[in-house]
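Chains as they are written, first to last, in the numbering used here: chain A, 527 to 834; chain B, 2 to 634.
Built from N, CA and C at the ideal position, the CB exists for glycine as well.
Since this is a predicted model, take the numbers as computed values, not measurements.
Inspection log for the structure reproduced underneath, given as structure tokens.
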């Protein structure tokens, strides 16, 4: 190599690999949160790179709320199988059985039971002291203040006013009794970086990210695939009579639970088209995520409670 | 393009309250289309709700509810944007609360810094403070954005005055690339597009400056340093050392040394997920395999055979205290340096630096936001370089073992005492360290200096007088020594005559011999110093490098460089030994000031202008400085 300049995606990659290795070297029992989304896909690839030629030195943990798109579950199982990763799936069965639903409970409570509590229970159950998450600082304004190594108390709570200073690339993974760490190897990545890297590395992602003609209905300003309507309405399995089914070319920009994730109109059928669309969009990535829109501090409140 | 060719620039922004930093960042993000419509709409709604006329772009940046409630920024935030040429990561540091802690944090990863100055207010104490902090953090490039030019009618004179004032100040700093840009963040002048209102300004816009600043040369590609992060051993046939190259480059088949064992081997391969590489360089993350099976674990460092870092467990460092609690009296902490965490204690706080004025103050302990020069001792040796030469191997953090919090960040200046050279063994041997290398874990002097100092009733010191021949070094040194001696101090005076007649009798006056002469004098001074003496050294010592070597031997607060400043004409007139006459007649070669250069000290502790002040006054000043430095009372 004649010039010693590392292109920026490779710099980000190297930084993330460094972070992943620090955790494995310093923590006793780490786990990687795997949400099946594009960020998780990138994070898993980085972990493969960090420990190559060895296997992943930690399992993947998926918190299944019961509201995930069937395509996500199918992708998850195939993907983990192919790369030989150990997958752990945890659900808050108690509340899933009780029929927890964002419309009945409100999005905040629903998230709290099905995601945050399920996550905290799982971390405790398996005694994980460190958990990797795919969150990025660019995603949301409270996340811009998050450390790469984010210390949580015994209830998994984030205290934004009392964060450890983080200097150079010297991460402090030391914990007190009861504390745990959330680690964000993709802190400095943007949505565009993630997609560029997926293309550069040829990383598989859930097909829901790509546009195709889908039958949707519009509800609360969101485009919801007809096939998922039954999971959206609380107790009512069918759509209302006046709701019209439309066939629209659309895709999902980020993936969450069906009732809280809308599709966006799109013609991006290939990775190239998708990147052009993401670069040119004037709307933020989480525009279609109901959970972020409930209040100005929605994400911060959830994080304080133990969410990622 | 797809972004694969883009480079990355990390920069930090600092400013005071209300100088428009948030507006400037908001402007950069907005103009580079990094703010989305829905985010903008949310901010617009909030601004209206609050009855503000303009959209308050700073709302976009305050991420925490407490910040929005109080209208202040609490913590460093990271922002991202890109232009067609570069991707940028901004560490946005608040200008008021916790400024030191936040600025140091934000600057630690930055390659460039932007300081904002309000054109109406001019250069404030804070503007200087930011410059001092950024200089301590060794940020190589500084852009001073003079903002709110629209409010001073885009007046060139206002801008020029600020530039002049700041330049005079920044001359004292260790930042060599400073540029000034007049901007209006509110109106967009010179942020991403050239201002029509300021035709007198011919420089580049802020974005253009950020896009074109050359940072590749700032990276250390000379000194290969590979802190081992993790050992990868999937099966018996593979043993690889994972890590990120902290600096330098490495190729297959190169000879390496492993620290601390000193074992040597060769690079067998450089492995990555994408195949093996012939060569790798900083900051790549790779896995190295070696020819030989060696016992290597996390915290060890792989380096090139003929380019070793310093090895030792006593360091001089600049420490920035970041914890709410003051430094504990026992000073015991954990120190994380590269991939090693070791027990350490802060043994001596030499002085605190006033970040507003650069003045040094004596302090007992360190509190939140203090910056100080300290001596740190570690339980096991570190492999380090000075922060100036290598940010990765010259930086560390301190962790409180009780709270587990990160309490301080540190920048290594050098070893407290030079560890004797690591000798690279010739062929055949497996150890790179000298066999009798008690130097690495040097047990120290039989009677520690501190005990001698206690007995003497004063601390040891080295007073290094440098200046032209005839500038009055010896005269001044003799007078000071006499006074100290009368006060009961243990003293010793070394000058050219005493040294060149004996210890250095074999040396001439070539550049090389002069360096060797000063090296021997420095080491000799150190011996007297360790014996508890106040050592006065009067040597022309014309080369800055030699003087800084001597300085590196002695603890910072016990070393006084005294520059006897005197005009050459006056020296020639004095010419006590008739040397200038001979030199001008060509009878003496390499005579400083005539046929050989004198490098004027940049930051002497004392400047004694012997052609302006009477010797008695100068003697008093020097004694005063020693008292102030608590050498004697």
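Per the coordinates, the alpha-carbon of residue 446 of chain B lies some 17 Å from the alpha-carbon of residue 457 of chain B. By the 16-neighbour rule on beta-carbons within 10 angstroms, residue 223 of chain B is exposed. Residue-level contact by beta carbon holds for residue 663 of chain A and chain B, with a gap shorter than 9 Å. The shortest C-alpha to C-alpha distance from residue 574 of chain B to any of B:469, B:279, B:277, B:625 is the one to B:469. Taking a beta-carbon distance threshold of 9 Å, residue 730 of chain A does not count as an interface residue toward chain B.
Of all residues in the stretch 205-227 of chain B, only 217, 222 place a beta-carbon less than 7 Å from a beta-carbon of chain A. Selection B:249, B:124, B:30, B:553 evaluated against residue 90 of chain B yields B:30 as nearest (Cα-Cα). Contact annotation: residue 573 of chain A and residue 546 of chain A have beta-carbon atoms nearer than 9 Å. In this structure, residue 130 of chain B and residue 356 of chain B form a Cβ contact; the two beta carbons are roughly 5 Å apart against a cut-off of 8 Å. A direct Cα-to-Cα measurement between residue 459 of chain B and residue 488 of chain B gives close to 10 Å. In this structure, residue 566 of chain B sits away from residue 463 of chain B, with a CB-CB distance that is not shorter than 9 Å. For the C-beta of residue 547 of chain B, not a single chain A residue is nearer than 7 Å; the gap to the nearest is close to 32 Å.
Proximity to residue 327 of chain B across B:170, B:210, B:367 peaks at B:367, based on C-alpha coordinates. For residue 533 of chain B, the closest C-alpha among the options B:525, B:476, B:295 is that of B:525. In this structure, the alpha-carbon of residue 559 of chain A lies about 10 Å from that of residue 661 of chain A.
Against chain B, the CB of residue 713 of chain A has a partner CB under 9 Å away; the residue lies at that interface. Distance from the CA of residue 452 of chain B to the CA of residue 500 of chain B, rounded to the nearest whole angstrom, comes to 28 Å. Residue contact with chain B for residue 540 of chain A: present (Cβ-Cβ distance below 9 Å to some residue of chain B). Taking 9 Å as the cut-off, the Cβ atoms of residue 474 of chain B and residue 540 of chain B count as close.
By the Cβ criterion, the stretch 710-721 of chain A is in contact with the stretch 659-675 of chain A, since at least three pairs of Cβ atoms, one from each stretch, lie closer than 8 Å.
With the criterion set as a beta carbon lying under 8 Å from some beta carbon of chain A, the stretch 363-375 of chain B has no members that meet it. Every alpha helix (DSSP H) of 4 residues or more that sits fully in the stretch 591-627 of chain A is shown, in chain order, as 596-609, 619-623. Its chain contains 592, 595 as the residues whose beta carbon lies nearer than 6 Å to that of residue 584 of chain B, once the 5 sequence neighbours on both sides are disregarded; these appear in chain order. Unbroken beta strand (DSSP E) stretches of 3 residues or longer found wholly inside the stretch 512-544 of chain B: 535-539, given in chain order. Nearest Cα to residue 751 of chain A within the set A:736, A:635, A:773, A:731: A:773.
Here the alpha carbons of residue 192 of chain B and residue 592 of chain A stand approximately 49 Å from one another. Distance from the CA atom of residue 801 of chain A to the CA atom of residue 794 of chain A, rounded to whole angstroms, is 8 Å.
Here residue 360 of chain B is exposed: its Cβ has fewer than 16 other Cβ atoms, across all protein chains shown, within 10 Å. For residue 721 of chain A, the enclosing alpha helix (DSSP H) starts and ends at 717-727. No Cβ-Cβ contact shorter than 9 Å links residue 577 of chain A with residue 658 of chain A. Chain-ordered listing is empty here: chain A has no CB closer than 7 Å to the CB of residue 357 of chain B, the nearest sitting near 21 Å. Only 574, 575, 576, 577, 578, 579, 580, 581 from the stretch 571-583 of chain A bring a Cβ to less than 8 Å from some Cβ of chain B.
Take residue 110 of chain B, set aside five residues on each side of it, and the residues of its chain with a beta-carbon closer than 6 Å to its own are 11, in chain order.
Here residue 25 of chain B has 186 as same chain residues with Cβ atoms under 6 Å from its own Cβ, once five neighbours each way along the sequence are excluded.
If you ignore the 5 residues before and after residue 87 of chain B, its C-beta comes within less than 8 Å of the C-beta of 7, 8, 9, 10, 211, 212, all in its own chain and listed in chain order. Taking a C-beta distance under 9 Å as the contact criterion, residue 601 of chain A and residue 730 of chain A qualify as a contact pair.
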